[in-house]
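J.: Sequential numbering of the sequence shown, starting at 59, is according to the working numbering.
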Amino acid sequence: MSELDCVVIGYNEGDFDDYRVMCERAGPGTPEYQIMRAEHLVVDGTAMPWLDAFSRLRNRGTGRADRYHVGEVFNLAALYLTSYLRRRGLRAEPVSLFTGERDRLAALLAERPAVVAITTTFYVNILPVGPVVEYIRQMSPTSHIVVGGPLIDNLCQSGVNGAVQDFFFAMGADSYIQESQGEHSLGQLCQAVRAGGDLSGVDNLIHCPEDTWVRTRRRPEANDLDECSIDWAGFSPDLIGPTAQLRTARSCAFKCSFCDYPTRAGALTTASVETVRKELRALAELGVRNVVFVDDTFNVPPKRFKQLCQMMIDEDLGLRWYSYFRCSNARDEESFDLAAASGCSGVFLGIESGDSDVLANMHKLAQDSQYRAGIARLKERGVTTFASIIVGFPGETEKTVGNTIDFLNETAPDLWRAQAWWANPRSPIYQQKELLGIEGEGYKWSHFSMTSSQAADLTDEMLDRVTESVWLPLYDFDFWSLPYLDGKGVSVRELMGLLRTSQELMGVRDRGGDPERLAALERRFAESVAVLDVAPAKFSY
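(1) Using 7 Å as the cut-off, classify the Cβ of L115 as near or not near the heavy atoms of the ligand NAD, replying yes or no.
(2) Out of E169, P295, T179, T120, point me to the one whose CA is closest to M139's CA.
(3) Counting pairs of Cβ atoms below 8 Å between the stretch 526–546 and the stretch 325–338, do you hit three or more?
(4) Look up F406 in the DSSP assignment and give the residues it is bridged to.
(5) Where does L134 sit, in a helix, a strand or coil, going by DSSP?
(6) Does the beta-carbon distance from N117 to D124 come in below 8 Å?
(7) What residue from L543, L166, D568, I448 has the CA that sits closest to Y126's CA?
(8) Identify, in the order they occur along the chain, each residue of the same chain with its Cβ nearer than 6 Å to the Cβ of S233, setting aside the five sequence neighbours on each side.
(9) Are three or more beta carbon pairs between the stretch 372–383 and the stretch 399–411 nearer than 8 Å?
(10) On the DSSP bridge assignment, give the partners of N348 in chain order.
(11) Would you kindly check if the distance between the Cβ of S411 and the Cβ of I463 is under 8 Å?
(12) Alpha carbon to alpha carbon, how far is Y91 from C81? Give it in angstroms, no decimals.
(13) When the Cα of Y77 is compared with those of I67, H98, V65, D63, which residue comes out closest?
(14) Would you check if there are 3 or more beta carbon pairs closer than 8 Å linking the stretch 416–431 to the stretch 306–314?
(15) With A105 as the anchor, note down where its alpha helix (DSSP H) starts and where it stops.
(16) Along the chain, where does the beta strand (DSSP E) containing V153 start, and where does it finish?
(17) Check T517 in the structure and name its three-state DSSP category.
(18) L516 to S400, Cα distance in whole Å?
(19) Please state whether the Cβ-Cβ distance between R510 and G460 is less than 8 Å.
(20) Can the beta-carbon of L326 be found closer than 8 Å to that of K364?
(21) Spell out a yes or no on whether the stretch 210–230 and the stretch 180–196 are touching, meaning 3 or more CB-CB pairs, one atom from each, closer than 8 Å.
(22) Bridge partners of T509, per DSSP?
(23) Take S287 as the anchor and find which of F156, T455, A478, Y142 has the nearest alpha-carbon.
(24) Count the other CB atoms, across all protein chains shown, that sit within 10 Å of the CB of F351; report buried if there are 16 or more and exposed otherwise.
(25) How is the beta strand (DSSP E) around G68 delimited, first residue to last?
(26) Is it buried or exposed, T31, if we count other Cβ atoms within 10 angstroms and call 16 or more buried?
(27) Just mark N219 as buried or exposed, buried being the case when its beta carbon has 16 or more other beta carbons within 10 Å.
(28) Classify N281 as buried or exposed, calling it buried when 16 or more other Cβ atoms lie within 10 Å of its own Cβ.
(29) Please classify T525: does DSSP put it in a helix, a strand, or coil?
(30) How many Å lie between G376 and R430 at the Cα?
(31) Have a look at I487, D256, W290 and flag the residue whose alpha-carbon is nearest the alpha-carbon of A418.
(32) Per DSSP, D124 forms a beta bridge with which residues?
(33) So which of V589, T328, E585 has the shortest CA-CA distance to T306?
(34) Of all the beta strand (DSSP E) runs that stay within the bounds of the stretch 136–219, which reach a length of 3 or more residues?
(35) Among the residues of its own chain, which have a CB less than 8 Å from the CB of M106, if the five just before and after it don't count?
(36) Where does the unbroken beta strand (DSSP E) through R475 begin, and where does it stop?
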């Protein structure tokens with residue numbers, strides 16, 4: 059019998075070509091098609107995500123097969139669950155990126171682990187799960203495969219109905235955990251599988267003892283963030299690398315009407331400042347230089363945020379940090395001074411809209427003036443700012459989009475991205491579905507003031523009219539690629555130059571512009587990538 063109790067697999071990004079075909083089938087004028095066009099470049103006649111294009115062009119000059127991917131920043135869920143299981147006497151190992159660490163995963167599966175856990179933090183459908191399950195079955199047929207995380211929680215919101223039964227059979231796992239936290243249930247499952255016991259005693263588990271998926275006892279978890287903090291000493295510097303993620307809180311203190319996360323995650327829960335201090339010290343000892351705080355609102359509550367910043371100043375560990383940041387809760391100059399002095403290098407700003415009426419509909423509890431002041435203060439202190447925008451929320455019109463364009467050009471955050479509203483039927487706004495005339499869900503919807511196709515068209519228009527900020531891709535990139543690439547030696551200034559060229563290139567390409575101009579932009583982009591001094595990638599093709 060294997061002594062390896064559990065392998066935890068973090069992320070499978072899927073196949074970009076499958077994604078491209080899916081978006082093209084949705085058709086021109088759809089949000090899916092619009093988003094996909096603004097997400098990729100073409101190298102040697104092949105459409106690929108931005109970082110893949112970057113990798114291919116780098117490799118022309120180096121002769122290496124480097125594959126740069128943000129998955130090099132080790133998946134936090136996989137590390138957290140591994141640490142949690144180890145603290146409970148179980149032998150566990152993490153894998154960050156399924157496609158990037160196939161050799162390492164194969165070696166771990168050769169040990170025939172009792173359980174293989176697949177996390178689903180970034181999945182919106184079941185497609186990425188199937189290939190992982192198939193691979194595990196091939197390499198370690200005796201392992202019990204369990205899938206958990208947000209995807210399972212979302213699928214089961216209306217119960218384990220017929221459609222969900224079909225989804226579970228299609229994914230092919232042995233069991234599924236439905237719980238917004240789930241780490242305690244995973245520990246129970248590992249112990250039960252190791253003992254050959256009855257899985258019906260594992261909390262929050264959905265399994266198939268006969269021909270139907272059935273759910274065991276539901277028991278909400280309330281895991282203490284201090285007690286469950288990651289034991290970073292159990293991981294090697296080579297595994298973690300120069301950039302690491304860290305969580306200091308669970309859930310969100312706000313209830314924006316487009317988001318159901320606070321409802322699923324419960325009340326905001328925070329780790330103590332001392333716990334964060336201990337984890338940061340451990341990361342510094344591992345050689346980490348960039349820390350990404352993944353808390354939904356790192357600077358909330360404001361008093362705790364100041365304490366965290368002062369702690370980082372006192373520790374003087376030489377760490378730079380990145381986080382989500384809520385301008386409306388940074389109410390004084392001291393907050394910005396402390397952030398900058400403690401190593402804040404970049405912030406993700408969930409601006410969502412530059413129109414006050416749309417912000418009110420979203421229940422953002424933020425005012426235009428607070429956003430403007432916050433962006434200005436951050437930029438004055440050299441903090442890189444990224445503004446995320448939603449287009450098409452109920453109440454949105456061509457005029458309100460125009461106000462957002464004006465806002466972006468006037469405040470000039472360093473980076474920005476906009477995409478059509480994703481209509482989540484479980485979000486609070488759906489409680490007003492009849493009043494607002496909301497029909498449909500996902501990326502196919504309409505309401506009293508707009509349709510999803512209009513939102514896609516207006517997002518394209520924004521790409522042309524927002525001139526003072528640089529567009530940031532999403533697919534396997536996003537804001538968190540900034541600290542990843544910084545850890546590889548690519549500065550924000552260098553990256554922004556590349557992104558500016560690629561945005562111009564995509565615009566010419568998608569409008570069917572002058573072939574000579576397109577070729578010139580492609581050469582400029584390739585030459586700019588080639589001259590960078592970049593550390594080798596951990597993954598390869």
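Backbone N, C-alpha and C define an ideal beta-carbon position, used for all residues, glycine too. Model, not experiment: these values are computed from the prediction.
T.: According to the structure shown:
(1) In the structure on display, the ligand NAD does not appear, and there are no ligands present to speak of.
(2) The amino acid at residue 139 is misidentified as Met; the sequence shows Leu. Comparing Cα positions, the closest option is T179.
(3) no
(4) Y382, F444
(5) helix
(6) yes
(7) L543
(8) V204, L263, H265
(9) yes
(10) T301, R378
(11) no
(12) 5 Å
(13) H98
(14) yes
(15) Unbroken run through A105 is the beta strand (DSSP E), 104–107; no alpha helix (DSSP H).
(16) 150–155
(17) helix
(18) 39 Å
(19) Looking at the sequence shown, residue 510 is not Arg but Ser. Cβ distance not < 8 Å, so S510 and G460 don't count as in contact.
(20) no
(21) yes
(22) S504
(23) Y142
(24) buried
(25) 64–69
(26) Because the chain in this structure spans residues 59 to 599, residue 31 falls outside the shown range and cannot be described.
(27) exposed
(28) exposed
(29) coil
(30) 30 Å
(31) I487
(32) S598
(33) T328
(34) 150–155, 173–176, 202–206
(35) F74, H98, L99, V100, R114
(36) 473–478
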